[in-house]
Every structure is written in C-alpha cells, then in structure tokens.
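Undergrad:
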Amino acid sequence: MLRRLLRPLRRAAAARAPLTVGWVKRDAGSWLAANLAGPRFRPPAPPQAALVERIAAETEALGQKPLWEGYATAYARDAAMPWAGKAMARSSEEVRSQPRMGRVFAWLAATRKPGVIVEVGTAFGISGMYWVDGLAQAGGGALLTFDPNETWHAIAARNIARIGPHATAVPHTVEDALTPTLAGRSIDLCFIDAIHTGAFVRAQLALIMPHLSPGALVLLDDITFSDDMNACWRTLAADDRFRASLTLDDRVGLLELPA
Ligand SMILES: C[S@@+](CC[C@H](N)C(=O)[O-])C[C@H]1O[C@@H](n2cnc3c(N)ncnc32)[C@H](O)[C@@H]1O
Numbered sequence: 229m230l231r232r233l234l235r236p237l238r239r240a241a242a243a244r245a246p247l248t249v250g251w252v253k254r255d256a257g258s259w260l261a262a263n264l265a266g267p268r269f270r271p272p273a274p275p276q277a278a279l280v281e282r283i284a285a286e287t288e289a290l291g292q293k294p295l296w297e298g299y300a301t302a303y304a305r306d307a308a309m310p311w312a313g314k315a316m317a318r319s320s321e322e323v324r325s326q327p328r329m330g331r332v333f334a335w336l337a338a339t340r341k342p343g344v345i346v347e348v349g350t351a352f353g354i355s356g357m358y359w360v361d362g363l364a365q366a367g368g369g370a371l372l373t374f375d376p377n378e379t380w381h382a383i384a385a386r387n388i389a390r391i392g393p394h395a396t397a398v399p400h401t402v403e404d405a406l407t408p409t410l411a412g413r414s415i416d417l418c419f420i421d422a423i424h425t426g427a428f429v430r431a432q433l434a435l436i437m438p439h440l441s442p443g444a445l446v447l448l449d450d451i452t453f454s455d456d457m458n459a460c461w462r463t464l465a466a467d468d469r470f471r472a473s474l475t476l477d478d479r480v481g482l483l484e485l486p487a
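As structure tokens, this is what we get:
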C-alpha cells in the first residue's frame, strides 16, 4: 500500500535525475559531441510531461493486454531470449520507456526539429507521446509509429492524439508498412524499440538505412537486454557507416550518420 502511494514520488524523482552518457565513437564535429558531451545529461521536462504521465497511469490501469502473436514465433525461434516461457500478455508499465528517457525523446524532437521521426514499436504510445510533445515544441514534423498489435495500437493512437496532432500510428509491422507510409519522405530520426534480438534489429536497420537523411540519428532501445542485443549494439556502435555513437544509461544506444 505504502509502496503504491510512494510510486509517483519515486518516479518524479527518477525522471529528474541525470542520465549517464557513455561514449563509444566520439567525433568532435558530430551533433552528438556538441550536444551530449557528458559525462551526465539532464533532459528538460517537456511542457506536457505531467499529462503524458497521467495518461500513462490511466493506461496502466487497463491491465495486461495480449502481446502481438508474432512474439510466439520469435520466442520459439530463440529459446535463449530472457522472456521465453513467460505469459504472453503485458501491461503498459512492463514495456514502456521510462519518463527520464521520454524526456530525452522530447528534447531530441524539440532541438533537432526533425521532419520525420520513425518509431518501430508503438506499444501503448508512451514513448510516442513524448516524441509528439517534442514535435509540438518544434512547431511541426511528423511521427510515424508502427505496431502490428491492433489492441495496443488502438489505445496508443488515442493516447498520442491527446498530446498533439503530429503522429500517424500505423497498425502494421515496419517491414510491411514503412515504404508506403513514408511515400518518398526521408527519415531524420529513428527509434527501434520492437523485438530485442540482434537478428530483428539488424534486419530493421537494413530496411531503414536507405531512407535515412544525411546526419540522421538512430536510437536503439534495450541494448543490454541480452548478450545477443549487446553484441549487436557493440558492432553497430563501431560500424564505419556511423560517425558517432554513445549510450544513455546503458539502456539506449544512439548512432549518428555523417552529414
Ligand atoms: C518494447 S515495446 C515498445 C515500447 C514503446 N516504444 C514505449 O516506449 O512506450 C515493443 C513493441 O514492438 C512491437 N513490434 C514487434 N515487432 C514489430 C515490428 N516488426 N514492427 C513494428 N512493431 C513491432 C510490439 O508489438 C510491441 O508493442
């Protein structure tokens, strides 16, 4: 009981705490070096942070909802996945980005003013609400966010629309829907937060790379989720196609393309 009452206070304090910047490839002329020098970074609270977290609490109260059936295939293929064998339903809280990382997303959108952000893995729309809060500050831009889970998609689309009109939530996999949804536009910022295995992340990055604009940023979530994900991150962080790479809290990896 006391723990439940204290949860919002603990969460608010955690949201304000600085993140640790872990440089992998530091290019002095890169946007990342100029803006995330480290060793710590405290993202500002976006204007609608309190509303985002209120909507997140309402969403959590809906309880667990079934995972997309594609997970069964992924789990069957890789029994070593840490979640293998667990119940095939999750609540928003179990899959969402935390408020501190949400503040980073809003700050990135507000500061870089991207024309197009692509998010792979909408879930219940919590990270999406932060992206849109940032786009509202930037005064424009579009979030294209993909998720094949139709139940989660419906909740997410409603949530994100309460923050601003800048998002298109697409109820399909990024593999099926990226090209028609982009309709020729290029991607300035991309967040890959779907199935956390090296095989899925490498394949999704390969799909996305030809659509990235010069100087684009790519964010990968859960880079320490498993040895496999961490190996995938380390390889990409050292990859010559990117001029700079760093980690935030050992949780999210950022890659910057040459301008
Ligand atoms: C960790 S959750 C995303 C959390 C969300 N970004 C947030 O921070 O609130 C992963 C989501 O990826 C979705 N997903 C899995 N494979 C996908 C794919 N190929 N394309 C798009 N979404 C996918 C799942 O249905 C799930 O909702």
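Residue numbers for the sequence shown follow our numbering, so the first one is 229 and each next one is one higher. Every residue gets a Cβ at the ideal spot worked out from N, C-alpha and C, and that includes glycine.
1. Would you mind sorting Asn377 into buried or exposed? The rule is 16 or more other CB atoms within 10 Å of its CB.
2. Evaluate the contact criterion for the segment 437 to 451 versus the segment 374 to 388: three or more CB pairs, one atom per stretch, below 8 Å.
3. In angstroms, rounded to a whole number, what distance separates the CA positions of Cys418 and Ala444?
4. Roughly how many angstroms separate the alpha carbons of Val252 and Ala262, rounded to a whole number?
5. Quick one: grab the DSSP three-state call for Trp296.
6. Mind checking Glu281: buried by the 16 CB within 10 Å criterion, or exposed?
7. Closer than 7 Å by C-beta to Arg254: which residues in its own chain qualify, once you throw out the five before and the five after it? Chain order, please.
8. Distance check for Glu288 and Thr301, CA to CA, integer angstroms please.
9. On the three-state DSSP scale, how would you describe Ala487?
10. Exposed or buried, which one is Asp416 when buried takes at least 16 other CB atoms within 10 Å?
11. Please report the distance separating the alpha-carbon of Val348 from that of Leu483.
12. Is the beta carbon of Trp380 within less than 6 Å of some heavy atom of ligand 1?
13. Under 8 Å, with one C-beta from each stretch per pair, do the segment 349 to 359 and the segment 382 to 391 reach the 3-pair mark?
14. Hey, how far is the Cα of Arg413 from the Cα of Ala334?
15. Go ahead and pull the three-state DSSP assignment for Arg479.
16. Tell me Leu247's beta-bridge partners as DSSP assigns them.
17. Taking the alpha-carbon positions, what's the Asp455 to His424 distance?
TA: On the basis of the supplied data:
1. Per the 10 Å Cβ criterion, buried.
2. In the pairwise beta carbon analysis, the segment 437 to 451 is classified as not touching the segment 374 to 388: fewer than three pairs are separated by under 8 Å.
3. Each residue's CA atom was taken as its position, placing Cys418 and Ala444 some 8 Å apart.
4. Using only the alpha carbons, I get a separation of about 15 Å.
5. In the structure shown, Trp296 adopts coil according to DSSP, grouped into three states.
6. Of the other Cβ atoms in all chains shown, 16 or more fall within 10 Å of the Cβ of Glu281; this residue is therefore buried.
7. If the five residues before and after Arg254 are omitted, its C-beta is found closer than 7 Å to the C-beta atoms of Ala261 and Ala472, all from its own chain and listed in chain order.
8. Rounded to the nearest angstrom, the two C-alpha atoms are 26 Å apart.
9. Annotated three-state conformation of Ala487 is coil, per DSSP.
10. It is buried - the Cβ of Asp416 has at least 16 other Cβ atoms within 10 Å.
11. Between Val348 and Leu483, the alpha-carbon positions lie close to 16 Å from each other.
12. Yes, since a heavy atom of ligand 1 falls inside the 6 Å radius drawn around the Cβ of Trp380.
13. Judged by Cβ distances under 8 Å, the segment 349 to 359 makes contact with the segment 382 to 391, as three or more pairs qualify.
14. Looking at the backbone, the Cα of Arg413 and that of Ala334 are separated by about 21 Å.
15. Three-state result, Arg479: coil.
16. Phe269.
17. About 11 Å.
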